[in-house]
Amino acid sequence: MNRGRTHVSERSAALRIVLVCLGLLVAFGAITIQLGRLAWQAQTSGRLNLSTPNSESFSRPDILDRDGNVLARDIMLPSITANPSRILDVKEVIDSLTPLLPPVDAKRLPGNLADRSRRFIWVSRKVSTALAEKIHNLGLPGVGYRWETKRTYPAGRVAGHVIGAVDANSAGIRGLERHMDVVIGLRLARYENGDLRPPLRTTLSIAAQHALEDELKAAMAKFSAPAASGVIMDVTSGEIAAAVSLPSVDPAFPEHWISRGPIDRLTRGTYELGSIFKIVTIAMGLDLNLVTPHTRIDVGTPIRLGRFTIKGSGSPGTEMSVHDILVRSINTGTAAIARQAGSQRQRAFLARLGLLSRMETEAGAVKRPMYPKSWGEAAIVTVSYGHGIAVAPIQFASAAASLVNGGFAVTPTFVRRVAMPPEARKRVVSERTSRAILAMMRASVTSRAGTARKARALGYRVAGKTGTADLPNRTRGYDGRAVVTSFVGVFPSDRPRFLVMVTLYDPKPTRGSRVAGDNAAPTARRVIERVAPILGVFPGQLARPRGRTH
15 MNRGRTHVSE RSAALRIVLV CLGLLVAFGA ITIQLGRLAW QAQTSGRLNL
65 STPNSESFSR PDILDRDGNV LARDIMLPSI TANPSRILDV KEVIDSLTPL
115 LPPVDAKRLP GNLADRSRRF IWVSRKVSTA LAEKIHNLGL PGVGYRWETK
165 RTYPAGRVAG HVIGAVDANS AGIRGLERHM DVVIGLRLAR YENGDLRPPL
215 RTTLSIAAQH ALEDELKAAM AKFSAPAASG VIMDVTSGEI AAAVSLPSVD
265 PAFPEHWISR GPIDRLTRGT YELGSIFKIV TIAMGLDLNL VTPHTRIDVG
315 TPIRLGRFTI KGSGSPGTEM SVHDILVRSI NTGTAAIARQ AGSQRQRAFL
365 ARLGLLSRME TEAGAVKRPM YPKSWGEAAI VTVSYGHGIA VAPIQFASAA
415 ASLVNGGFAV TPTFVRRVAM PPEARKRVVS ERTSRAILAM MRASVTSRAG
465 TARKARALGY RVAGKTGTAD LPNRTRGYDG RAVVTSFVGV FPSDRPRFLV
515 MVTLYDPKPT RGSRVAGDNA APTARRVIER VAPILGVFPG QLARPRGRTH
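First residue of the sequence shown? That's 15 in the numbering used here, and the numbers climb one at a time after it.
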């Protein structure tokens, strides 16, 4: 009996030993597995930290001009960071970093390090690799760096208003940079590979852009104008080869221009553009079959509108053909055509050309046109020659292109796109009207009486129209002290290919004159002579393609 109990006790003890051993094995096995998992995670995390910044920094595709030249590109730069909770001696860190950091970052450093509970702060973002290495070699606990993308602009300020800008995390905030985020989307930066998405190919030509900008700067200096703008557009496709607004902006420093810098006068400013609007009024009269180029109109009798009077050209009863009214730029002549059309048809025609609605481009929305709420007799008359209605220059350029390209609507674009088939294009005026307007604009340049004769570029067969209008003062309204002068034209006129529009803001008189014929027109001539060969248009020849143009 005792022997049986002893045997049972021995078996129970052995079982307990076995169970303890198994438990220890399981425990050690679990520990081993956990250690292995942690080691693997640490290794993986180490690899990821080399390639993926923990910040929300985005990578972006390149932006190229039409010939493949780089306008914007990402590079990788180190950003200095700190973990205040790991810093042993705050004073040492401040004393060591302050002489090395940019003044703005150095000034913020003591405040940023004051909260020791924080685990991450930016000390200085996107610094040179030499500076990052120098700080790394200081061996300061809690101070390090991580890689971020930085947007660079190899062409500098060229097309700055169009290209736009990005914020500190490389997210687009203006212009084509913003357009890319909306259309292509944002992607977190990867240090090892960069952004492998296809580049954004624009319609811009760096060479044409430089030429246009150089001539506008020269005009600003010659005529003491504080600002100028210009655009060169394919009249068929709407592709913009060059777009300049001066003063320019630097896309690398968005903080210098977003809030207080110069506006893009091509798209963000609206102006009464004066007599270049006469091509619109006369096109309306032709298209509505109210007149022909040979119709004679009384231009001598003054037009009275309440207490205002529009002076006639010549003695009362003097008549002039519609052709000569455009060539000589006669206000009473275009006013008579507009009065014959009436307010309803005038507004409808302007709307058909897109001059009453807001326009959108890839570089951003164009400022909405301004026009009379009450479209009475005074509005009919003044709008006919470009007063009382204010539009952005790029919007007027688009309307003008549709009048000289055979009569089809044009939408400006800064991005290459598939050409629209002829049958899908929207007609806004008849081909007959387009040919007639083009012939009158050509005569405005070639005729001795033409207001645009100084735009005549030898060998390039330019057709165009000038316009001069009062520029309102911010405080005194129209005081007659400043004007805005413009030239809009097309070349070559026998086979329209490119439209050029030049605008000078507040040019000063030269030899007693400040009208567009004496400043905007000769500026446009020099622009055309420089830009035409770049775009494949050569003296004495029809336009021939230079690569893909639309």
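Using N, Cα and C, we set each Cβ at its ideal position, and we do this for glycine too.
Every value quoted in this text rests on a predicted model; they were computed, and no experiment measured them.
Is it the case that the Cβ atoms of residue i and residue j are separated by a distance below 8 Å?
i: Asp532; j: Lys468; result: yes
i: Leu518; j: Val502; result: no
i: Gly314; j: Thr332; result: yes
i: Pro426; j: Ser412; result: yes
i: Gly402; j: Gly473; result: no
i: Gly328; j: Pro316; result: no
i: Ser73; j: Ala235; result: no
i: Asp278; j: His193; result: no
i: Val107; j: Leu154; result: yes
i: Phe422; j: Arg439; result: yes
i: Val459; j: Arg470; result: yes
By Cβ distance below 7 Å, which residues in the same chain neighbour residue i in space, the five residues on each side in sequence not counted?
i: Thr482; result: Gly288, Ser289, Val497, Thr499, Val529, Ala530
i: Leu304; result: Ile351, Gln354, Ala355
i: Lys140; result: Leu91, Ser93, Glu162, Lys164
i: Leu145; result: Leu114
i: Leu152; result: Ser110
i: Ala56; result: Below a pLDDT of 50, predicted positions are generally treated as unreliable, and Ala56, at 35, falls in that range; the measurement from the model is reported next regardless. So the list is empty, once near-sequence residues are dropped.
Name the residue from the options whose alpha carbon lies nearest to the alpha carbon of residue i.
i: Ile408; options: Phe422, Arg439, Val397, Arg372; result: Arg372
i: Ile198; options: Ala182, Asn183, Arg215; result: Arg215
i: Ser99; options: Ser110, Ile135, Arg74, Asp76; result: Ile135
i: Leu370; options: Arg342, Ala349, Val405; result: Val405
i: Thr524; options: Leu319, Phe237, Arg509; result: Phe237
i: Glu229; options: Ile548, Lys121, Ala534; result: Ala534
i: Pro548; options: His175, Leu218, Thr143; result: Residue 548 is actually Ile in this sequence, not Pro. Ranking His175, Leu218, Thr143 by Cα distance to Ile548 puts Leu218 first.
i: Ala173; options: Asp76, Pro213, Ala377; result: Ala377
i: Asn345; options: Leu364, Ala362, Val397; result: Val397
i: Ser131; options: Asn97, Thr323, Ile293; result: Asn97
i: Pro510; options: Ala415, Leu202, Ala242; result: Ala415
i: Phe505; options: Asp484, Val516, Arg456, Gly464; result: Arg456
i: Pro383; options: Leu367, Gly390, Glu391; result: Leu367
i: Pro124; options: Ser71, Ile101, Val442; result: Ile101
i: Gly390; options: Phe363, Thr375, Leu417, Gln358; result: Gln358
By Cβ distance below 8 Å, which residues in the same chain neighbour residue i in space, the five residues on each side in sequence not counted?
i: Asp307; result: It is Pro, not Asp, that sits at residue 307 in the sequence shown. Excluding sequence neighbours, Pro307 sits near Leu300, Ser335, Val336, His337, Ala450, Ala453, Met454.
i: Lys522; result: Phe237, Ser238, Ala239, Arg528
i: Ser461; result: Val341, Arg467
i: Val395; result: Ile317, Leu319, Ile324, Ala349, Ala352, Arg353
i: Arg171; result: Ser262, Val263, Asp264, Pro265
i: Pro75; result: Met194, Ile198, Asp209, Arg211, Pro212, Pro213, Leu214
For the ligand NAP, is there a heavy atom less than 7 Å away from the beta-carbon of residue i?
i: Pro307; result: The ligand NAP is not part of this structure, which contains no ligands at all.
DSSP three-state call for residue i: helix, strand or coil?
i: Phe72; result: strand
i: Asn151; result: coil
i: Lys236; result: helix
i: Glu437; result: helix
i: Glu253; result: strand
i: Phe422; result: strand
i: Arg348; result: First, the residue type needs correcting, since residue 348 is Thr and not Arg in the sequence shown. Three-state DSSP puts Thr348 in a helix.
i: Val258; result: strand
i: Ser335; result: strand
i: Gly478; result: strand
i: Lys105; result: helix
i: Arg87; result: strand
i: Val220; result: Strictly speaking, residue 220 in this sequence is Ile, with Val absent from that position. DSSP places Ile220 in helix when its eight states are reduced to three.
i: Ile77; result: strand
i: Val514; result: strand
i: Met454; result: helix
i: Met384; result: strand
i: Asp248; result: strand
Go through its chain and collect everything with a Cβ distance to residue i's Cβ below 6 Å, but skip five positions before and after it.
i: Ala350; result: Ile311
i: Asn63; result: Only weak support is given to the placement of Asn63: the predicted model assigns it a pLDDT of 31, under 50, and the value that follows is read from those uncertain coordinates. If we look at Asn63 and ignore the five residues flanking it on each side, it has no Cβ neighbours.
i: Ala546; result: Tyr474
i: Ser138; result: Ile94, Leu115, Asp119
i: Ala393; result: Pro386, Gly402
i: Pro536; result: Lys468
i: Thr66; result: Residue confidence is low: Thr66 scores 35 on pLDDT, short of 50, so the model does not pin down where it sits. Its coordinate-derived value is still stated next. If we look at Thr66 and ignore the five residues flanking it on each side, it has no Cβ neighbours.
i: Pro330; result: Gly314, Thr315
i: Lys12; result: Only positions 15 to 564 of the chain appear in the structure, and residue 12 is not among them; the question remains open.
For residue i and chain D, any beta-carbon pair shorter than 8 Å?
i: Met454; result: Although the question refers to chain D, the structure presented lacks it and comprises just one protein chain.
* **Touching by the beta-carbon criterion (3+ pairs, under 8 Å), the stretch 166-177 and the stretch 85-101** => yes
* Asked: Is the number of C-beta pairs between the stretch 354-363 and the stretch 248-261 that are closer than 8 Å three or more?
  -> no
* Does the count of Cβ pairs from the stretch 240-252 and the stretch 220-232 closer than 8 Å reach three? -> yes
* **Inter-stretch contact (C-beta, 8 Å, three-pair minimum) for the stretch 180-197 and the stretch 106-115** => no
* the stretch 173-193 / the stretch 264-284 touching (three or more Cβ pairs under 8 Å) -> yes
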